[in-house]
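The structure appears below as structure tokens.
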Amino acid sequence: MDKDGGDVVPVLKGMLELIKHRGPDGFGFYANETVQRVRKMEELDLSNCKSDRAIGHSRLAIVGGMSGIQPLQGCKKGLTILHNGEIYNHKKLRRELEPEHSFETLSDSEAIVHLLEEYYDGDLTEALGKTLKRLDGVFAIAALTGNELVIARDVMGVKQLYFSEGERLIAFASEKKALWGIGFENTGKRLLPGHMATLGRDGIKMVQILEAPLHRSTQYVTDMGAAQQSYASSLRKAVSKRVEDQDKIGVIFSGGIDSVLIAKMVKDQVKNFTCYTAGTEESEDFQHAASAASRLGFELRSNKLDMDKLEQYIPQIIEIIEDRSLGQVEVALPIYAAVVLAHQDGVRVMLTGQAADELFAGYPWYRVIADKEGYKELTRYMLDDLMRLYKETLEREDKILMAHGIELRVPYLDPDLVKVSTSIATELKLPPGDSVGKHVHREVALQMGIPEDLAYRTKQAAQHGSGVHQLIENLAMTRGFDDDMLKSMSYSTSKSVSEVLGSSQRYGRKYSEGKMWDAPDHVQLYLDTIAYENNLTNTDDRVLLESLLQRS
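Take the sequence shown: its position 375, counting from 1, is numbered 374 in numbering that gives the first Met the number 0, and each next residue is one higher.
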């Protein structure tokens with residue numbers, strides 16, 4: 000929107016161009032009571048439309064086929080919405096709303112706008128807040144009336160939104176590049192999980208609407224049988240709702256228990272499903288994924304990584320995830336390589352095992368924390384890690400999958416499962432003397448038919464288990480980025496990377512073999528050089544890199 004009343008429609012068109020990869024199945028906009036929906040980006044015609052407020056959408060069709068191109072409008076009160084994500088209880092909401100509302104599509108998103116109408120009585124912020132509390136799903140939402148614009152994000156932050164405010168313009172987008180492309184020089188701000196923001200002429204007001212679904216009592220489940228029963232039940236429901244009505248599913252697969260358990264449950268419910276993995280040929284994950292898939296009868300597609308592929312993938316990954324830090328790039332590489340294969344196979348929905356480590360004490364340093372600082376402090380660390388996943392993991396992986404026309408689904412972050420899991424005593428998850436971790440999680444896997452050696456297999460972090468950490472270091476040195484180059488420059492990783500992300504970076508160095516978590520300066524220099532030479536940063540970062548790389 001333009002706070003001075005200027006026309007923002009051309010700006011909107013430019014933003015949509017920059018994120019059109021997120022929705023190959025349809026594009027649309029709303030401005031000045033005009034809605035346009037088209038199948039192809041080039042068919043949008045904004046030439047005769049002017050407005051100081053406009054919203055646009057690029058759609059990946061998962062539910063409702065091709066009929067649900069957005070924006071979507073209500074049938075009564077002049078409300079317009081955009082939605083990115085998935086609403087798992089949309090059928091129930093539709094049955095409730097159909098007697099009084101006219102549905103025009105089969106899209107899950109349409110339930111949102113009609114539910115919003117039920118609550119709207121002149122205050123869009125209040126109505127959207129009530130609506131969000133009825134939604135079971137993941138979402139980034141924008142809602143618009145004639146004079147109000149409100150955006151919202153799901154409670155665990157599976158879907159992201161960024162916003163920026165200048166002297167005249169206020170804008171929001173699912174990816175930062177859409178904001179960089181219209182003149183906002185910095186990274187923009189995140190809309191926090193469970194929060195809503197009102198965008199108006201007097202600026203942006205952000206408030207929390209949804210409370211994280213954490214166990215709040217001081218009483219925890221301490222009976223192993225009860226813990227396994229409640230967790231197994233919530234996990235079945237979480238996976239079921241994420242594969243419902245899908246005839247083809249992909250699973251990001253490493254051979255570790257988190258992805259093995261998800262794949263086993265998917266196999267029990269979906270006939271056409273494939274696991275996807277990536278790594279160097281000799282890497283632990285690459286070999287274990289093949290073995291586990293063979294033993295459990297999973298179809299597996301593997302992307303074998305070498306330096307040539309890494310060199311090809313790295314610029315693409317930096318552009319997609321909007322981050323050049325080694326910690327993010329090296330974790331993204333095996334995921335990206337696996338998703339490349341899924342895209343080739345026409346997969347539209349993929350499940351991942353993210354969040355099990357944070358919920359069930361899977362990181363090796365958690366053992367040290369429990370022994371040195373006690374279980375109460377370990378529980379605090381685990382919850383802190385869990386509540387940081389939105390920016391440390393989820394944003395990165397959503398961008399990778401959406402760049403390939405695939406939707407990410409995260410069963411372990413289902414709100415009901417999170418609440419159940421956080422109600423289980425940490426001592427059951429990591430019993431005294433247990434160095435493996437995730438005890439409840441692994442015992443449930445045994446109950447569901449996973450062989451014991453797979454259920455209790457320990458694995459390295461993705462960048463190490465896939466062999467990527469060493470491979471990217473070898474690649475940097477092969478291209479001449481080594482300690483000798485550093486000696487001629489006043490360069491260090493700490494000067495380049497302002498925000499250190501990841502539990503391994505916060506705690507791994509302190510409580511385990513710290514050296515393996517270091518980001519060697521010469522490797523970060525290599526990534527910075529790629530980002531600079533390919534113009535993959537915002538303006539502020541480009542100025543920083545010019546100084547660090549001694550460019551002009």
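Note that CB positions come from ideal geometry on N, CA and C, so glycine has one too.
Original post:
In chain order, which continuous runs of the alpha helix (DSSP H) of length 4 or greater are located wholly inside the stretch 157-202?
Top reply: 175-179
Original post:
Who pairs with M349 in a beta bridge, going by DSSP?
Top reply: According to DSSP, which records beta bridges pairwise, M349 is partnered with G249 and L407.
Original post:
Counting along the chain, where does the beta strand (DSSP E) carrying T425 start and finish?
Top reply: Looking at the DSSP string, T425 is not in any beta strand (DSSP E); the run it does join, the alpha helix (DSSP H), is T425 to K428.
Original post:
Which residues share a DSSP beta bridge with N83?
Top reply: A139
Original post:
Nearest to G73 by CA position, among A110, I405 and V37, is which residue?
Top reply: A110
**OP:** Can you tell me which of the three DSSP states L45 falls into?
**Re:** Look at L45 here: in three-state DSSP terms it is coil, with no helix or strand label.
Original post:
Within 10 angstroms of its Cβ, does S50 collect 16 or more other Cβ (buried), or is it exposed?
Top reply: buried
Original post:
According to DSSP, what are the bridge partners of F28?
Top reply: The partner list for F28 (beta bridge, DSSP) reads Q35 and G55.
**OP:** Following the continuous alpha helix (DSSP H) through Y230, name the residue where it begins and the one where it ends.
**Re:** M223 to V242
Subject >> T273 (DSSP reduced to helix, strand or coil) >> reply: strand
Original post:
Identify the residues that DSSP records as bridge partners of A369: which are they?
Top reply: Looking at the DSSP assignment, A369 forms no beta bridge with any residue, so it has no partner.
Original post:
For N302, which residues does DSSP report across the bridge?
Top reply: A277
Subject >> Segments assigned alpha helix (DSSP H), at least 4 residues, entirely inside the stretch 423-501 >> reply: 425-428, 438-446, 451-454, 461-464, 467-477, 482-486 and 492-495
Original post:
With burial defined as no fewer than 16 other Cβ atoms inside 10 Å of the residue's Cβ, what is the status of M401: buried or exposed?
Top reply: buried
Subject >> Distance between L127 and K75 (C-alpha atoms, nearest Å) >> reply: 16 Å
Original post:
By how many angstroms is the C-alpha of G255 removed from the C-alpha of D344?
Top reply: 23 Å
Subject >> Spatial distance of T378 from A475 (CA atoms) >> reply: 38 Å
Original post:
Taking the Cβ atom as the reference point for each residue, do I61 and E42 lie within a distance shorter than 8 Å?
Top reply: no
Original post:
Hey, how far is the Cα of V101 from the Cα of G466?
Top reply: Reading off the sequence shown, one finds Ser at residue 101, where the question assumed Val. Each residue's Cα considered, the two are about 54 Å apart.
**OP:** Could you tell me if E321 is buried or exposed, where buried requires 16 or more neighbouring beta carbons within 10 angstroms of its beta carbon?
**Re:** buried
Original post:
Cβ of K390 within 7 Å of any heavy atom in the ligand SAM?
Top reply: The model on display carries no ligand, and the ligand SAM is accordingly not part of it.
Subject >> Helix, strand or coil at I68 according to DSSP, with G and I counted as helix >> reply: coil
Subject >> Cβ-Cβ separation, L59 to R21 (assumed contact under 8 Å), whole Å >> reply: 7 Å
**OP:** Go ahead and pull the three-state DSSP assignment for L325.
**Re:** helix
Original post:
Is DSSP giving D413 helix, strand or coil here?
Top reply: coil
Original post:
So, using beta-carbon positions, are P81 and H113 closer together than 8 Å?
Top reply: Note that residue 81 corresponds to Leu in the displayed sequence, not to Pro. Not closer than 8 Å, so no.
**OP:** Take the Cβ of T477 as the centre, count every other Cβ of all protein chains shown within 10 Å, and call the residue buried at 16 or more, exposed below.
**Re:** exposed
Original post:
Based on Cα-Cα distance, which residue from V330, K428, D413 and W364 lies nearest to R395?
Top reply: V330
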